[in-house]
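Novice: Counting with this note's numbering, you get residues 96 to 204 for the letters of the sequence shown.
C-beta: ideal position from N, C-alpha, C; glycine also.
A single structure is presented below for examination.
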Amino acid sequence: MATYPVAVVQNEMSPELYSEFIKVFNDLVEKADGLCPTAEALVDRVHENAAVFHQGWNAIRTVDEDAWTHMSSIDDGTLVRFRAGLCFRWTYIVFRIKQSDNSRSHYRT
Numbered sequence: 096m097a098t099y100p101v102a103v104v105q106n107e108m109s110p111e112l113y114s115e116f117i118k119v120f121n122d123l124v125e126k127a128d129g130l131c132p133t134a135e136a137l138v139d140r141v142h143e144n145a146a147v148f149h150q151g152w153n154a155i156r157t158v159d160e161d162a163w164t165h166m167s168s169i170d171d172g173t174l175v176r177f178r179a180g181l182c183f184r185w186t187y188i189v190f191r192i193k194q195s196d197n198s199r200s201h202y203r204t
């Protein structure tokens with residue numbers, strides 16, 4: 096699997112969780128011939144690996160590199176905001192909602 100450069104803006108994930116997440120992201124980019132995944136595709140792929148990630152993940156993909164979310168119910172240790180490799184025009188914000196607030200996953204492209 097190819098590894099695409101990632102410029103991390105903020106990371107609150109553990110090293111192990113971040114490593115697994117980047118594997119998922121790289122796999123999606125590789126299968127799309129270098130194109131960045133939509134927020135929906137990224138969340139769907141994360142949820143396919145429920146043993147590692149559990150449910151409740153959300154993603155925002157935007158061209159605004161200063162974009163942010165102010166959700167009070169983000170699960171501690173699950174937030175990452177980054178720009179990636181061949182796709183530096185996209186900023187991703189990925190996080191999981193606390194289980195008590197987790198009725199479904201959301202994504203916005």
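1) Quick check on residue 105: does DSSP put it in helix, strand or coil?
2) Are residue 154 and residue 103 touching if we call contact CB-CB under 9 Å?
3) If we call anything under 9 Å between Cβ atoms a contact, is residue 116 one with residue 141?
4) With three or more beta-carbon pairs closer than 8 Å as the criterion, would you say the segment 124 to 132 touches the segment 164 to 171?
5) Under the three-state reduction of DSSP, which class applies to residue 179: helix, strand or coil?
6) What would DSSP say about residue 158, mapped onto helix, strand or coil?
7) Ends of the alpha helix (DSSP H) at residue 121?
8) Count the other CB atoms within 10 Å of the CB of residue 183; is the residue buried (16 or more) or exposed (fewer)?
Specialist: Reading it off the structure:
1) DSSP places residue 105 within a strand segment (E or B) once states are collapsed to three.
2) Judged by beta-carbon spacing, residue 103 lies beyond the 9 Å limit of residue 154, meaning their Cβ atoms are not closer than that value.
3) Cβ atoms of residue 116 and residue 141: closer than 9 Å.
4) By the C-beta criterion, the segment 124 to 132 is judged not to be in contact with the segment 164 to 171, since fewer than 3 inter-stretch pairs fall below 8 Å.
5) If DSSP states are grouped into helix, strand and coil, residue 179 belongs with the strands.
6) It is coil, neither helix nor strand.
7) Boundaries of the alpha helix (DSSP H) harbouring residue 121: 110 to 126, taken from the DSSP string.
8) Classification of residue 183: exposed, given that the 10 Å Cβ count is below 16.
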